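Have a look at the structure below before the remarks.
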Amino acid sequence: MSSRSGCDICVCKEDLPNHKGSLQHRFNFALFEWTKYRRAIVKNRNGIEIEVKLHNIETNRNDLVYKFEEKKGRHGMTVLEQRARDEMVQNNGISYIFTVLNKQRSKSIFLMGTMLLHPNNNFKLEDFEGKMTENTILQLEPNASYSFKVTFNLNRVKVSTFAMPVAIHLQTERLENFTISREMLINIIGALEFNQEVTVASKSPFTSALWHQEISEWNEPLVRIPFQNTFTIPPKYDKIVKMGITRYQSITPEEDISLRHVEHLLHPGYVTQHNYKDFFHIALWVDEKGAELMLQRYNMENVNITVIQKTLLELEVPGLAEKRPSLIRGDVVNLRLHGDHIGYKGVISRVNNLSIYIQGVDELLIEYIRSNPDAEIDVSFKLGRLPYERMHNGVDHCVSSGMTNYLFPDNIISNVGILAGRRLPDTEFFNPAIRGNPEQRSAVESILFRSNFAPYIVFGPPGTGKTITIVEAILQLVKKIPGVVILVCAPANAACDMLASKLIQSKRLTEKELIRVHTDTREWDTVPEDVKGYSNYVDGEYIKPRGFELMKYRVIVTTLILSGRYQNDRLKPNYLFIDEAAQAMEPEAGVAIGLLSAGSQLILAGDPKQLGPICTSKVAEKLGLNISLLERLMKFPLYVSNNVNVITTLKLNFRAHPEVLQIPNELFYENQLKAVSRNALLDPIARICVHDKFIHKKAKNLTEPSCLEFVAVFAKEMRQGRSPSYFNPKEAEMVVKYVSALLNLEETKVLQSEIGIVTPYIRQVYRVKELLAKNNYTDVEVGTTEVFQGREKRIIIITTVRAQYDLLLYDRKYKLGFVSNEKRFNVALTRAMSKLIIIGCPNVLQYDDNWLKFIQDCEAKQSYFGSRRDVRHDNLKQDVMKRLNNVYMRDQQYKKVQ
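Now the structure itself:
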């Protein structure tokens, strides 16, 4: 178990003791110091003033300059893309004139030198007065001035933002050294952004204020709250869990005893067969406490609520789509008139991207809000405990049924040789494609005929046909074993629906043999049409079949958490299949596993290299709660040895072009995967440089188009309104350019539905959708990485959004973004079939080794477009550090100017 928390000032992979002394850390620390003191050193002082003006450019031409402003030491110019190209041709670039003026009446100031703080081929500093040399100190008499020029030049101008800090080193007559800095900012925008205004961020409604103790009277909800309180955190452990199971300054003797007991129960720090029950109970309590504390951060004050039906309320919740806060149907919402002592409880009936619907609220409050729509309401959220209750119960059932022996296969078993298994005749396969695929065939035959001494794993990397493999195995079991009952589960409804659809499409199971069990809180209109006839839905409402009723079916499909409804209800399947098992916490998988008894078989299908379980608590992560059962098992020697009795790795990728698969295959799958999609290989789009189609000229030195393209966009990400999410308008505009070029290709027909756009931030999803809608591109699918897991598109465009290094720490804290998240990186890159286009800031992405490899690959293929990245090799880092060391971050005037 690792306790590594990461570096506080940079994103790194090294262990902290070694990292702090490394060149990388010292380089990042220099940048950190620069950011920290920049606000002070940009100010004029000691009688020196710095004037910055544009040179040879008319700033009042509406067709050229959209905005020119000076603010806090930054001198920004916003220019239309095409006009910027024209200006480059006419004036050899965009130049700023820096003038250093000595405004003192009687004292001289010495100009010690000027410097660009970062080497960059796009910027050039020129001493056009010719009086400054490397060893020259220029004396500025009172009222004297000196000027120099910095020019921005880019041959292939793109929609981007370029910044360059300039340092001016000075000295007083008393030999006091100081630095004044200014920054040029070139903002090149496209036509779509020219007239767009970005909403100024408004005050967040989230206050974290606690007000439950101020309530003297509660009005309970008029609907049932769907959870129990059997496995709540024991009071003696509550503070221990809250403080992260570590000694704290105010710990009492009684609490210290409790802490020692918890540490004993957790020994040796990770789950074992012997501590299974205690370990996971504690880990789940830790995660629940983290979720509870996290939810408190989203308490709201002085907000408005809308009555949308007679008894239904709608509340806008910023950040909801990114699960900040994370709310689900059935969670309790506490309401009160601002500052009042009477509280009202409601239950969430629906979660949208931007708002929630609340039902069951007392009619008195509803009528008041209807009559006073501007009424200010305080809101707090209560964590829905039903998933935790069922996971705790599942853990207990796994132990009491003896399944924990099964979940910890003895390492000695790894010495068992490969058993000679029976083979299924070719004519008996339902899916003819599987009989010709060695790995898929082996998986099906092993599930049918193997000896059951450990869980069986179908390791299914992207595009290898994992789902159709387990569908074939299920159908074979139904055919071969009379009366067999098979429970099929997945963490999410989408995966369950897909499994049910595949089974239905086989036309081998009737409505009396297959049932898809839904929770009664699910929206019926979200259920796929072909699944509805096989669902537990009768006469307009969901029914709750009992366990003995489900035993009449051959195949039961439901989510892992919902299967917990039957933990004490006589549902005893012979086989349990868990698809997307790598996405489920082990206790979540244990909800369904707890239904098994001795002799039952467990089959896990998934890919631990893709998105995994999500923990709320970092302490729970350190305990390993974010490690799925599938991933834990795959570390056992029995599975590492690839013993076909317990694991099959699917190796034929039916989805992607070999170029698309190359980097993920090398980074995550030991080059075991083989791209066999003839359609992707022969797709004309793979041989077209789409970038050139909207640049209107052939890329120089492009010998052969690649199906990978990387477009460098240097632009600052932004927030809109009260949302905690980020978007990048310039990247969004580049996305639209690519989509337009793709849809207008003459060489091949591209449909809107064949294009998928992936981004890690929901606000970028909205921004891209908005721009696409203005161009009538409404059938292009846009979503986050999680939306696209398990999906594929002919063409994938990824907009990475992040352009500021310091915000990578924010991403790491909230588990967002692509950088330093190799599982999200892997999922994003492996959705494409024939064309993969990345739009992002290479200077930020290159901090991640995986992204750096992708960028370097595109550079080698000459499919990298846009301004060159800062190649931060050791010599460059030393150069930047040397330049920053010459900056006087803190001088005699520091306290006056900060």
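So for the sequence shown, the numbering used here puts the first residue at 283; every next one is plus one.
We put the CB at the ideal spot given by N, CA and C, even for glycine.
Remember, predicted model here, so these are calculated numbers, not experimental data.
Collapsed DSSP secondary structure at residue i in the structure displayed
| i | result |
| --- | --- |
| Thr415 | coil |
| His494 | helix |
| Tyr1170 | coil |
| Arg1049 | helix |
| Glu1015 | helix |
| Glu559 | The question names Glu, but residue 559 is Lys in the sequence shown. The answer is helix: DSSP assigns Lys559 an H, G or I state. |
| Asp1161 | helix |
| Phe1147 | strand |
| Lys998 | coil |
| Ile716 | helix |
| Gly822 | coil |
| Pro535 | helix |
| Pro503 | coil |
| Asn459 | strand |
| Lys302 | coil |
Host alpha helix (DSSP H) of residue i (start-end)
| i | result |
| --- | --- |
| Phe1136 | 1131-1142 |
| Tyr319 | 305-323 |
| Ile515 | First-last for Ile515: undefined, no H or E at that position. |
| Val770 | Here Val770 belongs to no alpha helix (DSSP H); instead the beta strand (DSSP E) covers 768-772. |
| Lys762 | 748-762 |
| Tyr688 | 685-689 |
| Arg704 | Arg704 -> no alpha helix (DSSP H), and no H or E assigned at all. |
| Ala777 | 775-787 |
Own chain, CB closer than 7 Å to residue i, minus 5 neighbours either side, in chain order
| i | result |
| --- | --- |
| Ile756 | Ile768, Val770, Leu785, Val837, Phe859 |
| Ile564 | Val544, Leu547, Leu548 |
| Arg1049 | Phe1009, Pro1011, Ala1014 |
| Asn404 | Phe434, Asn435, Leu436, Phe444, Ser1149 |
| Asp874 | The sequence shown places Ala at residue 874, rather than the Asp named in the question. If we look at Ala874 and ignore the five residues flanking it on each side, its Cβ neighbours are Leu769, Cys771, Leu842, Ser845, Leu858, Ile860. |
| His674 | Phe513, His563, Leu566 |
| Asp1161 | Pro401 |
Buried/exposed call for residue i, threshold 16 Cβ in 10 Å
| i | result |
| --- | --- |
| Lys956 | exposed |
| Ile659 | buried |
| Thr1060 | exposed |
| Phe410 | exposed |
| Thr746 | buried |
| Leu305 | exposed |
| Gly765 | exposed |
| Glu721 | buried |
| Ser882 | buried |
| Lys318 | exposed |
| Val820 | exposed |
| Tyr530 | exposed |
| Asp812 | exposed |
| Gly718 | exposed |
Opening and closing residue of the beta strand (DSSP E) in which residue i lies
| i | result |
| --- | --- |
| Met394 | 391-398 |
| Thr840 | 837-841 |
| Gly1065 | 1063-1065 |
| Pro810 | Run containing Pro810: none; DSSP gives neither H nor E here. |
| Gly358 | 356-362 |
| Thr381 | 376-384 |
| Thr1081 | 1075-1081 |
| Ser427 | 427-434 |
| Val334 | 330-337 |
Chain-order list of residues whose beta-carbon lies under 8 Å from that of residue i (same chain, five-residue window excluded)
| i | result |
| --- | --- |
| Thr808 | Asn775 |
| Glu502 | Lys627 |
| Lys413 | Leu420, Tyr428 |
| Arg542 | none |
| Val334 | Glu352, His357, Tyr378, Ile379, Phe380, Thr381, Arg464, Met466 |
Same chain, Cβ closer than 6 Å to residue i, neighbours up to 5 away in sequence not counted
| i | result |
| --- | --- |
| Phe877 | Residue 877 is actually Leu in this sequence, not Phe. Hits under 6 Å: Leu853. |
| Thr686 | Gln555, Tyr558, Cys680 |
| Phe711 | Arg717 |
| Thr736 | A quick correction: the sequence has Ala, not Thr, at residue 736. Same-chain partners within the cutoff: Pro691, Val928. |
Along the chain, which unbroken stretches of the beta strand (DSSP E) at least 3 residues long are found entirely within the segment 916-994?
-> 929-931, 990-994
Unbroken beta strand (DSSP E) runs of length 3 or more, entirely within the segment 602-675: which are they?
-> 614-619, 624-633, 637-641, 659-664
Can you give, in chain order, each stretch of the alpha helix (DSSP H) that sits fully within the segment 843-910 and has at least 4 residues?
-> 868-875, 900-905
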